[in-house]
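Chemist: My structure is below; once you've seen it, I'll send some questions.
Residue numbers (the working numbering), protein chains in the order written: chain A, 1397 to 1542; chain B, 110 to 226.
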C-alpha cells in the first residue's frame, strides 16, 4: 500500500483539534495546499456521513475532494475515504486516517493517507508496500547517487 | 493524463513486490548485471526471476540488452522519479494543510482560554 504519514504537535487540546478536523467551519480554515480559499466545506461527521471540500488554489485552479466518514471516535480518531472529483489525475479512492493523542503541550496528530494508487497492487494480492515514500526515497536517493 | 496514470500504476505495481525491489536495489549498486547474477541471491528459480524482470521492464524500470548469449539488465530510474514526484504532490498538499490546521487549532485554543472556559 502506498502511503504517506505526517505527524504534528499542536498546542491545543484534542477536542479542539478534533472539531477543527470534523466540522465544516473548521475544515474551511485549513484545507488545501496553499493560501487559496476553501469555497465549499460540508461535513456530516458520523459514521456513514459524507464530507465535501472545494478549494481554489493561488494559480486559480479549483479542486474538489469528497468521501465518507468510516470511523469517528471523539476526540481520538477519524477515518475517511477520499477521492478527487473528476479524478483525471488520480482516479482511485484512498483512505485518510487522523489520530489524536493527548500530550503535555496539547495534541500529537498523526496523519496517514494510504491506499494511494494501489488498486492494481490490491488486485494482484501482493504484499503491502508500507512506508512507501521513505522506501522509495531511499531507493531513489541511491539511484541518483549512482 | 491517462497514459500518465497507466505508467504510475505500472510503477507502483512493480515496486510493491519485495523480490522486485531487491532486484532494483542490486542493480542500483552496479552498472548492469546478467540475469544469472541477479538471480543468485534468491532462492527462487530463474524463470521466476525472468517474470519479475518482465514486470520491471514493462514499467520501464529496467532495460535489457543482449550481446551474444548474455542479457545485461540495467536500471532506468525515470519512472521512479515520476512516482516520487506524484507522491510529493500529496505530501506538499497535506503538509501545507496540516500547518494551517495547527495554526487554526492553536488560535481556537487561545480563544477558549481567553473566554475562561
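Don't be surprised by glycine CBs; every beta carbon is placed ideally from N, CA and C.
Would you call residue 1423 of chain A buried or exposed, if buried means 16 or more other Cβ atoms sit within 10 Å of its Cβ?
Modeler: What you label residue 1423 of chain A is simply residue 27 of the first chain in a count that begins at 1. Buried.
Chemist: Secondary structure at residue 1476 of chain A, three-state DSSP: helix, strand or coil?
Modeler: Residue numbering aside, residue 1476 of chain A sits at position 80 when the first chain is read from its first letter. Of the three classes helix, strand and coil, the one that applies to residue 1476 of chain A here is strand, per DSSP.
Chemist: Would you say residue 1522 of chain A lies against chain B (beta-carbon separation less than 8 Å)?
Modeler: Numbered from 1 along the first chain, position 126 holds the residue referred to as residue 1522 of chain A. Note that residue 1522 of chain A has pLDDT 37, beneath the 50 cutoff, so the model's placement of it is unreliable and no number is given.
Chemist: The beta strand (DSSP E) with residue 1414 of chain A in it runs from where to where?
Modeler: In the first chain, residue 1414 of chain A corresponds to position 18, counting from 1. Run containing residue 1414 of chain A: none in the beta strand (DSSP E); it sits in the alpha helix (DSSP H), 1410-1418.
Chemist: Whose CA, out of B/212, B/117 and B/211, lies closest to the CA of residue 169 of chain B?
Modeler: Working through the second chain from its first residue, we reach residue 169 of chain B at position 60. Ranking the options by Cα distance to residue 169 of chain B, first place goes to B/117.
Chemist: Could one say the Cβ of residue 1416 of chain A lies closer than 8 Å to chain C's Cβ atoms, at least one of them?
Modeler: Absence of chain C from the displayed structure is noted, the protein chains being A and B.
Chemist: I need the boundaries of the alpha helix (DSSP H) containing residue 164 of chain B, first residue and last residue.
Modeler: Counted from its first residue, the second chain places residue 164 of chain B at position 55. That run of the alpha helix (DSSP H) goes 155-167.
Chemist: In the DSSP assignment, the beta strand (DSSP E) including residue 1467 of chain A goes from what residue to what residue?
Modeler: Position 71 of the first chain holds residue 1467 of chain A. Residue 1467 of chain A -> beta strand (DSSP E) spans 1458-1469.
Chemist: For a contact defined as C-beta to C-beta under 8 Å, what are the partners of residue 1507 of chain A on chain B?
Modeler: Within the first chain, residue 1507 of chain A is the residue found at index 111, counting from 1. The answer, in chain order, is 203 and 207.
Chemist: Does the CB of residue 1480 of chain A have a neighbour CB from chain B at under 8 Å?
Modeler: Along the first chain, read from residue 1 onward, the residue named residue 1480 of chain A stands at position 84. No, no contact with chain B.
Chemist: Is there at least one Cβ from chain B nearer than 8 Å to residue 1406 of chain A's Cβ?
Modeler: In the first chain, residue 1406 of chain A corresponds to position 10, counting from 1. Chain B contact via Cβ: present.
Chemist: Between residue 1438 of chain A and residue 1452 of chain A, which are expected to be in contact by the criterion C-beta below 8 Å, what is the C-beta distance as a whole number of angstroms?
Modeler: Counting from one through the first chain, the residue named residue 1438 of chain A turns up at place 42. Counting from one through the first chain, the residue named residue 1452 of chain A turns up at place 56. In fact, because the Cβ distance is near 16 Å, the residues do not count as touching under 8 Å.
Chemist: Are the Cβ atoms of residue 1426 of chain A and residue 1416 of chain A separated by less than 8 Å?
Modeler: Here the question's residue 1426 of chain A lines up with position 30 in the first chain. Here the question's residue 1416 of chain A lines up with position 20 in the first chain. Yes; because the gap between Cβ atoms is below 8 Å, this pair is in contact.
Chemist: Considering only their Cβ atoms, is the gap separating residue 1512 of chain A from residue 1505 of chain A smaller than 8 Å?
Modeler: Position 109 of the first chain, counting from 1, holds the residue named residue 1505 of chain A. Position 116 of the first chain, counting from 1, holds the residue named residue 1512 of chain A. Taking 8 Å as the Cβ cut-off, residue 1505 of chain A and residue 1512 of chain A do not qualify as a contacting pair.
Chemist: Give, in chain order, every residue of the segment 149-167 of chain B whose Cβ lies closer than 8 Å to some Cβ of chain A.
Modeler: Result list empty, no residue passes.
Chemist: Counting only Cβ-Cβ distances shorter than 8 Å, please list the residues of the segment 1437-1467 of chain A near chain B, keeping chain order.
Modeler: Residues: none.
Chemist: If the cut is a Cβ gap below 9 Å, which residues of chain B does residue 1469 of chain A touch?
Modeler: Taking the first chain and counting its residues from 1, one reaches residue 1469 of chain A at position 73. Correct list: empty, because the minimum Cβ distance to chain B is about 18 Å.
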